[in-house]
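Structure first, commentary second.
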Amino acid sequence: MGKGKKWKHGIYARMLALAAHALAEVSKSLTFFRTFNFMQNKHEPKDLWEEPFIPASAWTPCADQRNWTRSEGNNGYIMITANGGINQQRVAVCNAVVVARLLNSTLVIPSFMYSSVWKDVSQFGDIYQEEHFIEYLSPDIRIVKELPEELQSLDLEAIGSIVTDVDIMKEAKPSFYLKNILPLLHKNKVVHFVGFGNRLAFDPIPFDLQRLRCRCNFHALLFVPKIQEAGALLLRRLRNHAPYQLALHLRFEIDMVAHSLCEYGGGQEEAEELEAYRKIHFPALTLLKKTRKLPSPAALRSEGLCPLTPEEAVLMLSALGFNRRTRVFVAGANIYGGPSRLAALTNLFPNLVTKEKLLSASEIEPFANFSSQLAALDFIGCTAADAFAMTDSGSQLSSLVSGYRVYYGGGRMPTIRPNKRRLAGIFMKNSTIEWKVFEQRVRKAVRQTKHVFERPKGRSVYRFPRCKECMCVAEEAAAADVVTKTKRKRRH
Ligand SMILES: *[C@@H]1O[C@H](CO)[C@@H](O)[C@H](O)[C@H]1NC(C)=O
Ligand SMILES: *[C@@H]1O[C@H](CO)[C@@H](O)[C@H](O)[C@H]1NC(C)=O
Ligand SMILES: *[C@@H]1O[C@H](CO)[C@@H](O)[C@H](O)[C@H]1NC(C)=O
Ligand SMILES: *[C@@H]1O[C@H](CO)[C@@H](O)[C@H](O)[C@H]1NC(C)=O
């Protein structure tokens with residue numbers, strides 16, 4: 426299947442036909458002259474595509490405000506080589522900025538680790554504007570391009586200054602760094618974090634350090650002009666003649682599909698292909714499958730633990746009232762199942778585009794060998810679209826994009842985030858459910874995710890920037906919030 430063999434829509438053939446029929450009905454009811462204001466059509470459940478404006482717009486960006494003096498960075502140097510894709514790296518970079526401030530250390534411009542999955546040699550300066558990063562954060566920390574010469578010859582391994590993810594627990598607290606890393610800096614003058622995936626807790630963190638984290642993510646990291654220019658071109662073409670654009674991040678690459686241990690209707694052939702992939706890339710998982718009784722694919726599915734397939738994604742979007750005229754920007758690389766699998770999408774949404782379609786071969790060529798830079802173009806397309814829908818809330822791209830849309834969106838940049846568990850229950854009825862019922866149930870499931878809330882404790886500030894550290898909240902809205910809370914209390 427991955428090799429472009431025929432993909433059958435299998436279990437969802439019936440529902441896709443229903444969706445096509447429903448969308449055709451909607452299109453018929455729109456006359457040619459009303460195309461420009463199709464958004465106002467009563468068939469469109471517009472509220473589902475929007476954020477609740479009043480509570481959402483009460484939050485405004487303010488992570489750029491500082492209330493401290495610069496740290497001179499006298500406690501040695503922090504180096505970091507971040508692993509993962511571009512979005513994991515971004516989180517690692519901002520966490521390192523905070524650790525540098527916490528320890529009064531100087532940060533060396535981060536490095537990015539080469540990975541066999543992402544196959545990209547890009548370094549920090551190939552993706553982000555180095556000068557801006559250094560300058561913008563200069564009232565906070567000292568950042569240098571490289572270690573001073575006298576430290577460059579040190580054998581960091583030998584003196585114990587290489588700190589990997591084995592040495593730091595996930596989401597470590599500031600006290601961990603003060604206790605374990607600071608003495609190392611005093612002794613060796615330099616510490617090199619290698620990996621650094623999610624190595625700093627979101628709570629508890631002092632107010633100003635949390636704010637610095639947001640400042641780094643939302644203000645200090647600008648893409649280099651080459652990426653910005655291609656991104657601007659992409660956005661111009663995305664918006665051209667399109668009254669409304671929806672971006673969809675379809676995280677359905679083979680690595681995720683294989684890792685999920687779910688079944689996707691491709692029968693024996695699919696099962697063998699995914700098992701072969703796991704043997705090579707996730708040997709630990711293959712071993713686990715042999716030695717332990719893992720939940721069955723059906724159980725995983727009913728728990729909502731399987732990524733949405735392209736077919737499920739289009740069924741959801743159709744149910745939400747997006748129609749054949751909607752310009753859909755699909756982000757994501759190499760959909761498992763190949764182009765034939767994307768056919769389900771293009772059948773229902775003919776105005777579907779990708780960065781490869783919007784940019785000419787010669788415009789995209791300079792990025793072709795750099796998966797991180799291509800991902801940056803997807804990031805730009807997704808952050809700027811009128812609405813953004815994700816299929817996997819665990820994806821780092823989706824998470825950072827939704828945070829950006831909250832931070833800079835002024836309450837007008839909605840993100841559609843399905844509750845996969847609820848959707849799974851609805852899809853389970855695929856062989857009998859009527860379209861109207863399906864539509865109602867999906868809308869209800871999505872409506873329930875549409876309230877504006879403050880970042881829950883322990884959750885990512887990159888994804889949920891609505892918190893006092895990152896965003897400021899208007900007084901009257903805060904007062905209104907208190908009123909509703911009191912009312913709620915009284916009712917109990
Ligand atoms: C700045 O910090 C000082 C001392 O920590 C505090 O009293 C003051 O309220 C803070 N100002 C702002 C604008 O946060
Ligand atoms: C960092 O510098 C500040 C201000 O000089 C000081 O209060 C703080 O204790 C220092 N922290 C460390 C870990 O050296
Ligand atoms: C991309 O890599 C291929 C194969 O390594 C090479 O032939 C091609 O010139 C590279 N393209 C760019 C734009 O660097
Ligand atoms: C589709 O419906 C059949 C019959 O009800 C069910 O067994 C199957 O699990 C459903 N498929 C999905 C993906 O939920």
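So this note's numbering is basically just the index in the sequence shown, starting at one, shifted up by 425.
Note that beta-carbon positions come from the ideal geometry of N, C-alpha and C, so glycine has one too.
Check: Residue(s) in a DSSP beta bridge with residue 581; Outcome: The partner list for residue 581 (beta bridge, DSSP) is empty, contrary to what the question assumes.
Check: Neighbour-count burial assignment, residue 782, 16 or more Cβ in a 10 Å radius; Outcome: exposed
Check: Any chain D beta carbon closer than 9 Å to residue 437; Outcome: Looking at the structure shown, chain D is missing, and only one protein chain is on hand.
Check: By C-beta, the residues closer than 7 Å to any heavy atom of ligand 2, given in chain order; Outcome: 496, 500, 527, 528, 529, 603 and 607
Check: Proximity of residue 659 and residue 799 at Cβ, strictly below 9 Å; Outcome: no
Check: Nearest residue (CA-CA) to residue 843, options 440, 881, 675 and 835; Outcome: 675
Check: Residue 845 Cβ short of 8 Å to ligand 4 heavy atom set; Outcome: no
Check: Distance cut-off 8 Å: residue 744 Cβ against heavy atoms of ligand 4; Outcome: no
Check: Distance cut-off 8 Å: residue 856 Cβ against heavy atoms of ligand 4; Outcome: yes
Check: Option nearest residue 829 by Cα separation, candidates 809, 741 and 552; Outcome: 809
Check: Distance cut-off 8 Å: residue 810 Cβ against heavy atoms of ligand 4; Outcome: no
Check: Per-residue DSSP class, three states only, for residue 877; Outcome: coil
Check: Neighbourhood of residue 817 by C-beta, 6 Å cutoff - its chain only, sequence neighbours within 5 removed; Outcome: 676 and 732
Check: Residue 486 (DSSP reduced to helix, strand or coil); Outcome: strand
Check: Which of helix, strand or coil DSSP assigns to residue 897; Outcome: strand
Check: Residue 751 versus residue 745 - alpha carbon distance; Outcome: 12 Å
Check: Residue 863 beta carbon near ligand 4 (any heavy atom closer than 8 Å); Outcome: no
Check: Simplified DSSP state of residue 457, which is helix, strand or coil; Outcome: Caution is warranted here: a pLDDT of 41 is assigned to residue 457, below 50, making its placement in the model unreliable, and no coordinate value can be reported.
Check: Near ligand 4: residue 726 beta-carbon under 8 Å from a heavy atom; Outcome: yes
Check: Option in 611, 633 and 796 with minimal Cα separation from residue 758; Outcome: 796
Check: Reduced DSSP category for residue 768 - H, G, I as helix; E, B as strand; rest coil; Outcome: helix
Check: Residue 559 versus 513, 535, 539 and 683, residue with shortest Cα-Cα distance; Outcome: 535
Check: Residue 479 beta carbon near ligand 4 (any heavy atom closer than 8 Å); Outcome: no
Check: Per-residue DSSP class, three states only, for residue 692; Outcome: helix
Check: Where residue 697 sits in the DSSP three-state scheme; Outcome: helix
Check: N- and C-terminal bounds of the alpha helix (DSSP H) containing residue 635; Outcome: 632 to 640
Check: Segment contact, 8 Å Cβ cut-off, at least three pairs: the stretch 550 to 568 with the stretch 632 to 648; Outcome: yes
Check: As assigned by DSSP and simplified to three states, the class of residue 666; Outcome: coil
Check: Element boundaries [alpha helix (DSSP H), containing residue 506]; Outcome: Element bounds for residue 506: not the alpha helix (DSSP H) but the beta strand (DSSP E), 502 to 507.
Check: Cβ-Cβ distance between residue 825 and residue 515 below 9 Å; Outcome: yes
Check: Coil, strand or helix - residue 533 by DSSP; Outcome: strand
Check: Cβ-heavy atom distance, residue 852 to ligand 4, below 8 Å; Outcome: yes
Check: Closest by C-alpha distance to residue 630, when choosing among 756, 575 and 885; Outcome: 885
Check: Contact between the stretch 647 to 657 and the stretch 704 to 719 (3+ Cβ pairs under 8 Å); Outcome: no
Check: Proximity test, residue 729 beta-carbon vs ligand 4 heavy atom, cut-off 8 Å; Outcome: no
Check: Between the CA atoms of residue 737 and residue 450 - distance to the nearest angstrom; Outcome: 21 Å
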